[in-house]
Amino acid sequence: DVKVTQSSRYLVKRTGEKVFLECVQDMDHENMFWYRQDPGLGLRLIYFSYDVKMKEKGDIPEGYSVSREKKERFSLILESASTNQTSMYLCASSSAGVVEQYFGPGTRLTVT
Amino acid sequence: DAKTTQPTSMDCAEGRAANLPCNHSTISGNEYVYWYRQIHSQGPQYIIHGLKNNETNEMASLIITEDRKSSTLILPHATLRDTAVYYCIVRAAGWGKFQFGAGTQVVVTP
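Residue numbers (this note's numbering), protein chains in the order written: chain D, 155 to 266; chain Y, 21 to 130.
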């Protein structure tokens, strides 16, 4: 079974804090993705990576950065958290040449 | 711009088949039809995908019309654990993002 894990299920941070969200997959997948999910807006892609140290902007990269130093780990960084970044954050991974993505359980981030 | 259209919600009786429709009238020749579902407070779960032939796996069946402009996901014997939001997505092969819309909220009742 593919397993994608995320470091926290729930997180509460203050405005201006630097926030790290970690994602780990155990299936040696090349591709990893970060989405955020908000009511009425569906899932929106923030960043994705198709190889170690490679990253590409998604639809809403502003206010976020990512890091992929190891194949199995993809980190999402909020440099200075703001209240409009309160959301559910979902990580996903997929193998090269295979289209279906496998999602982690999500991290519900609240910025106060 | 939405590539798929799904009903907002539907109910299904436990043990009966659930038929979930999806319209994708602007689908391109190289685009697949994917179905995911998301149970409350969990990440989306892959169900099935297809190009033009009907597909079946242990979770569901996917029926794609001959003109590929619509499809139906069939859950053959719905259980209470199938209550979820079901997303129909069209996308070309290869890596890249999935565009999730609003989906269909399916409620399975006893």
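Glycine included, each C-beta is placed from N, C-alpha and C at the ideal position. Because the structure is a prediction, the values reported are computed rather than measured.
Contact between the stretch 96 to 105 of chain Y and the stretch 238 to 247 of chain D is absent: fewer than three C-beta pairs spanning the two stretches fall below 8 Å. Below the 8 Å Cβ cutoff, chain Y contributes G63, P64 as neighbours of D:L244, in chain order. Around the beta carbon of Y:I47, 16 or more other beta carbons lie within 10 angstroms, which makes this residue buried.
The stretch 256 to 265 of chain D and the stretch 73 to 87 of chain Y do not touch, with fewer than 3 CB-CB distances between them shorter than 8 Å. The three-state secondary structure of Y:L100, taken from DSSP, is helix. As computed with DSSP, D:Y204 is found in no beta bridge at all.
Of the candidates D:G212, D:C177, D:E216, D:C177 places its Cα closest to the Cα of Y:G63.
Contact of Y:G49 with chain D is not assigned, every C-beta pair being separated by 7 Å or more. The C-beta of D:L197 comes closer than 7 Å to at least one C-beta of chain Y. For Y:H60, no beta strand (DSSP E) run applies, since DSSP gives it neither H nor E.
Distance between Y:T85 and D:Q255, taken at the CA atoms: about 25 Å. Within chain D, no C-beta atom comes nearer than 7 Å to that of Y:G70; the closest sits roughly 11 Å away.
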